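Worksheet: one structure, shown below.
Numbering (the working numbering), first residue to last: 16 to 251.
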């Protein structure tokens, strides 16, 4: 817990987060942080209120986080974490086998080779971005990890946006929002194209995470189908 406290102390110098106040190892390892009132991004996504503006704010927050925490990329470590999560998902054996085969191809794909890794949120869902007085805050950073690929966080959030529109029967309507989000994150056209090339890997993983928590069996199966389809291609 002390490590978590010091991690947050460093991060608050980079992006907006709840200020870490204190930690107590003798009281159930509690970590006390500042309370930030406001609405989560999930609120705006559900109502499609100022959606592109909020996505732009999150893109800039993630860009600051990733570019100010650069280190080396540990591909094997990241794929091990992804597989660890996948192994706990209740997928059909045939689906798991097909996904694993495509995941292996990604692991050796030179498109993922990058000079720098970075600290990633690792749980970049709509509930973990809070808006207060016009500013975006990242919250629940317990799972944040070093040496990740920057597109990991982007893919998780893009999967959530896709899920929102797909649930209404208009999955295609998510694509313009996703592309604008990626452009706002990218420093130039070259980086934008590079991100789009590897986004399917992380977005497909994000779709499986969403499917894991969905109660509607029909929509869950659709998300799993799209995840398997998506991980089999490169490029958005």
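Where is the CB? At the ideal position from N, CA and C, for every residue including glycine.
As the structure is a prediction and not an experimental result, all values here were calculated from the model.
Return the CA-CA distance between residue i and residue j, expressed in angstroms with no decimal places.
| i | j | result |
| --- | --- | --- |
| residue 235 | residue 229 | 6 Å |
| residue 59 | residue 162 | 31 Å |
| residue 233 | residue 62 | 23 Å |
| residue 29 | residue 79 | 7 Å |
| residue 181 | residue 81 | 29 Å |
| residue 238 | residue 226 | 6 Å |
| residue 27 | residue 149 | 17 Å |
| residue 123 | residue 147 | 42 Å |
| residue 199 | residue 75 | 7 Å |
| residue 183 | residue 220 | 21 Å |
| residue 112 | residue 95 | 16 Å |
| residue 103 | residue 68 | 35 Å |
| residue 100 | residue 91 | 14 Å |
| residue 84 | residue 56 | 24 Å |
| residue 186 | residue 204 | 25 Å |
In its own chain, which residues sit with a C-beta less than 7 Å from the C-beta of residue i, not counting the 5 before and 5 after it?
| i | result |
| --- | --- |
| residue 126 | 212, 213 and 249 |
| residue 241 | 222 |
| residue 201 | 207 and 210 |
| residue 89 | 132 and 162 |
What are the start and end residues of the beta strand (DSSP E) that includes residue i?
| i | result |
| --- | --- |
| residue 153 | 150–153 |
| residue 160 | 160–163 |
| residue 144 | 144–147 |
| residue 135 | 133–135 |
Pull up the CB-CB distance for residue i and residue j, whole angstroms please, since I reckon it's below 8 Å.
| i | j | result |
| --- | --- | --- |
| residue 145 | residue 217 | Going by Cβ atoms, the distance from residue 145 to residue 217 rounds to 22 Å, so no, they are not a contact pair. |
| residue 154 | residue 33 | 6 Å |
| residue 159 | residue 22 | 7 Å |
| residue 164 | residue 129 | 7 Å |
| residue 7 | residue 117 | This structure cannot speak to residue 7, because the chain is shown only from 16 to 251. |
Using C-beta distances below 6 Å, list every residue in its chain close to residue i, excluding the 5 sequence neighbours before and after it, in chain order.
| i | result |
| --- | --- |
| residue 70 | 196 |
| residue 121 | 216 |
| residue 173 | 193 and 218 |
What residue from the options has the CA that sits closest to residue i's CA?
| i | options | result |
| --- | --- | --- |
| residue 106 | 244, 241 and 223 | 223 |
| residue 175 | 124, 140, 154 and 75 | 140 |
| residue 136 | 203, 129, 73 and 207 | 73 |
| residue 50 | 31, 56, 65 and 64 | 31 |
| residue 244 | 75, 110 and 99 | 110 |
| residue 143 | 208, 117, 96 and 171 | 171 |
| residue 178 | 23, 103, 231 and 158 | 231 |
| residue 77 | 189, 88 and 152 | 152 |
| residue 66 | 116, 138, 246 and 190 | 190 |
For the alpha helix (DSSP H) holding residue i, just list the boundary residues, first then last.
| i | result |
| --- | --- |
| residue 183 | No alpha helix (DSSP H) contains residue 183, which DSSP labels as neither H nor E. |
| residue 77 | 66–82 |
| residue 216 | 204–228 |
| residue 192 | 189–200 |
| residue 231 | From DSSP, residue 231 is part of no alpha helix (DSSP H); its letter is neither H nor E. |
Counting only the same chain and skipping the five closest in sequence on each side, list residues whose C-beta sits under 8 Å from that of residue i.
| i | result |
| --- | --- |
| residue 86 | 131, 132, 133, 134, 161 and 162 |
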